[in-house]
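S.K.: Okay, here's the structure, questions in a sec.
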Amino acid sequence: MNTIQTVLGPISPDQLGLTLPHEHVFSDLYEITMNSHLILSDPEVARYELGFFKQSGGSTIVDQTVHGLGPDPVALREVARDVGINIIAGTGFYWEKFHPPWLKDMTDRDIVAMLVKDLTEGFYGTDVRAGILGEIGTHHRRISAAEERVVRACAVAQRETGVPISTHALFTRIGMDQVRLFEDAGASLDKLVIGHVDTTPDVDYHIELLRRGVWIAYDAIGQLDKQTDERRADAIVRLVRAGYRDRILLSTDVGKRGAMRSYGGTGYDHVINIFLPLLRERGMEEEDLTALTVDNPRRLFTG
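Next comes the structure, spelled out in structure tokens:
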């Protein structure tokens, strides 16, 4: 891919800059969860929060809010323009609990056609084009039949469009099952990101994934209920020293109000201002940090 699709249109790879590859700017999970803290719908709050990211040197946010999670592509475009950053929108489906009711009535080919249209023409009834398939969800214990259908459709859509795929693989080694299924479905493993691996603090598992040729995302950085950032930093240093620096991505997965500065959280700039210093303290060079935050996302989208 010579260009990268953002909500404001295609950009050249050198415009991507420092990138958070797994975030949420606008989403609404209230209908399923009955939790108002999972509603991110205020453009003014989004502008304020993303302003800190830009001021800290950030350039690109990948919003992985898929069908069923309340995406708002028009608001994404407006906020990207107002703040002056790139936003890449995701399309696809989360794990089965969050599937829209209409999904079960679609044929496999219908799902593929919808995803391809989202990526090439526009999604959610707009002309805003998605630029990634993700986050593609499965339950953390097993992949259901409905989730398998989505995985297989995403593999086909990826072959037709060349975009990356990013998954939701929370708390367990379910990422290995995802890799096997995506491979069986014909997906390009070098364009597949297994997400949330840092919620499973098992570096041997992370290495096992990397040996399959996929990317891994430490994308719950700052979520201290899952593990400490110090342990995340220790694990990343170990992986980098083992030779896996060029397949690791960093993000915070802001998806609830409490993660934002406006509500007492550390915001989208957490990786830049809090986590990268932890890596520096552990002896990582600036070249390594640039690889993790700039070069790797660029290669994911253009390789």
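Numbering of the sequence shown is given in our numbering, commencing with residue 948 and proceeding in unit increments.
No residue lacks a Cβ here, since even glycine has one placed at the ideal position from N, Cα and C.
Between V1013 and T980, is the Cβ-Cβ spacing less than 7 Å?
M.R.: As a first step, residue 1013 is located in the sequence shown; it is residue number 66 there, counting from the start. As a first step, residue 980 is located in the sequence shown; it is residue number 33 there, counting from the start. No, Cβ-Cβ distance for V1013 and T980 is not below 7 Å.
S.K.: Taking all protein chains shown into account, do 16 or more other C-beta atoms lie within 10 angstroms of the C-beta of P1018, making it buried, or fewer, making it exposed?
M.R.: Translated into positions along the sequence shown, residue 1018 becomes position 71. P1018 is buried by the Cβ-count criterion.
S.K.: Go ahead and label K1203 buried or exposed: buried means 16 or more other beta carbons lie within 10 angstroms of its beta carbon, across all protein chains shown.
M.R.: Stepping through the sequence shown from its first residue, residue 1203 is reached at position 256. So K1203 counts as buried.
S.K.: With respect to the beta strand (DSSP E) encompassing E1082, which residues constitute its N-terminal and C-terminal limits?
M.R.: As a working mapping, residue 1082 is identified with position 135 in the sequence shown. Segment 1079-1084, the beta strand (DSSP E) holding E1082.
S.K.: Determine, using beta carbons only, whether H1046 comes closer than 7 Å to chain B.
M.R.: Although the question refers to chain B, the structure presented lacks it and comprises just one protein chain.
S.K.: Where P1047 and G1015 are concerned, what is the direct C-alpha to C-alpha distance, given to the nearest angstrom?
M.R.: As a working note, residue 1047 is residue 100 in the sequence shown. As a working note, residue 1015 is residue 68 in the sequence shown. If I take the Cα positions, the gap works out to 5 Å.
S.K.: In terms of residues, what are the limits of the alpha helix (DSSP H) holding Q1125?
M.R.: As a position in the sequence shown, residue 1125 is number 178, starting the count at 1. From DSSP, the alpha helix (DSSP H) with Q1125 extends over 1121-1131.
S.K.: Assuming I1079 and V1009 form a contact by the criterion Cβ under 8 Å, report the distance between their Cβ atoms to the nearest whole angstrom.
M.R.: Working through the sequence shown from its first residue, we reach residue 1079 at position 132. Working through the sequence shown from its first residue, we reach residue 1009 at position 62. Correct: roughly 6 Å between the Cβ atoms.
S.K.: If N1033 sits next to Q962, beta carbons under 8 Å apart, how far is it from one beta carbon to the other, in whole angstroms?
M.R.: In the sequence shown, the residue the question calls residue 1033 occupies position 86. In the sequence shown, the residue the question calls residue 962 occupies position 15. Confirmed, Cβ separation roughly 7 Å.
S.K.: Taking buried to mean at least 16 other C-beta atoms within 10 Å of its own C-beta, is W1049 buried or exposed?
M.R.: Looking up residue 1049 in the sequence shown gives position 102. Exposed.
S.K.: List the DSSP bridge partners of D1200.
M.R.: The count along the sequence shown starts at 1 and reaches residue 1200 at position 253. Its beta-bridge partners do not exist; DSSP assigns none.
S.K.: Over the uninterrupted beta strand (DSSP E) stretch that includes M1139, give me the two end residues.
M.R.: Taking the sequence shown and counting its residues from 1, one reaches residue 1139 at position 192. Going by the sequence as given, residue 1139 is Leu instead of Met. Segment 1139-1141, the beta strand (DSSP E) holding L1139.
S.K.: Along the beta strand (DSSP E) that carries P957, what are the first and last residues, could you check?
M.R.: Counting from 1 along the sequence shown, the entry for residue 957 is found at position 10. 956-958 is the span of the beta strand (DSSP E), which, as asked, contains P957.
S.K.: Within its chain, find whatever has a CB closer than 7 Å to the CB of V1059; leave out the 5 residues flanking it on each side and keep chain order.
M.R.: Position 112 of the sequence shown, counting from 1, holds the residue named residue 1059. Here the set comprises A1100, V1103, A1104.
S.K.: Which residues bound the alpha helix (DSSP H) around P1244?
M.R.: One-based indexing of the sequence shown puts residue 1244 at position 297. From DSSP, the alpha helix (DSSP H) with P1244 extends over 1243-1249.
S.K.: State buried or exposed for T1054, treating a residue as buried only when at least 16 other CB atoms are found within 10 Å of its CB.
M.R.: In the sequence shown, the residue the question calls residue 1054 occupies position 107. Under this definition T1054 is an exposed residue.
S.K.: Output the distance between the C-alpha atoms of P1148 and A1022, rounded to the nearest integer angstrom.
M.R.: Within the sequence shown, the letter at position 201 stands for residue 1148. Within the sequence shown, the letter at position 75 stands for residue 1022. Roughly 35 Å separates the two Cα atoms.
S.K.: Under 7 Å, do A1180 and G1142 count as touching if we go by C-beta distance?
M.R.: On the sequence shown, position 233 is the one that residue 1180 refers to. On the sequence shown, position 195 is the one that residue 1142 refers to. Not a contact, by the Cβ cut-off of 7 Å.
S.K.: Tell me whether D1216 is buried or exposed, calling it buried when 16 or more other Cβ atoms sit within 10 Å of its Cβ.
M.R.: In the sequence shown, the residue the question calls residue 1216 occupies position 269. D1216 is buried by the Cβ-count criterion.
S.K.: How would you call K1138, buried or exposed, if buried means at least 16 neighbouring beta carbons within 10 angstroms?
M.R.: Mapped onto the sequence shown, residue 1138 falls at position 191. Per the 10 Å Cβ criterion, buried.
S.K.: Within the continuous beta strand (DSSP E) that includes Y1165, where are the two ends?
M.R.: Locating residue 1165 in the sequence shown gives position 218, where the first residue counts as 1. From DSSP, the beta strand (DSSP E) with Y1165 extends over 1162-1165.
S.K.: Take the Cβ of L1171 as the centre, count every other Cβ of all protein chains shown within 10 Å, and call the residue buried at 16 or more, exposed below.
M.R.: Taking the sequence shown and counting its residues from 1, the one referred to as residue 1171 is at position 224. Exposed, because fewer than 16 other Cβ atoms sit within 10 Å of the Cβ of L1171.
S.K.: Do L1197 and Y1165 have their C-beta atoms within less than 7 Å of each other?
M.R.: Stepping through the sequence shown from its first residue, residue 1197 is reached at position 250. Stepping through the sequence shown from its first residue, residue 1165 is reached at position 218. Yes, the Cβ-Cβ distance between L1197 and Y1165 is below 7 Å.
S.K.: Buried or exposed for T1146, please, with buried defined as at least 16 other CB atoms from any protein chain shown within 10 angstroms of its CB.
M.R.: One-based indexing of the sequence shown puts residue 1146 at position 199. So T1146 ends up on the buried side.
S.K.: I need the straight-line Cα distance from G1072 to R1188, nearest angstrom please.
M.R.: Within the sequence shown, residue 1072 is the residue found at index 125, counting from 1. Within the sequence shown, residue 1188 is the residue found at index 241, counting from 1. Cα-Cα distance, rounded: 46 Å.
S.K.: Could you tell me which of N982, R994, S974 sits nearest to S988, measuring between CA atoms?
M.R.: Sequence index remark: in the sequence shown, residue 988 carries index 41 (1-based). If we check each option's Cα against that of S988, S974 comes out closest.
S.K.: For G1286, which of R1076, I1154, H971 has the nearest alpha-carbon?
M.R.: Outside the displayed span of the chain (948 to 1250) sits residue 1286, for which this structure offers no information.
S.K.: On the three-state DSSP scale, how would you describe T1038?
M.R.: The sequence position of residue 1038 within the sequence shown is 91, counting from 1. Of the three classes helix, strand and coil, the one that applies to T1038 here is strand, per DSSP.
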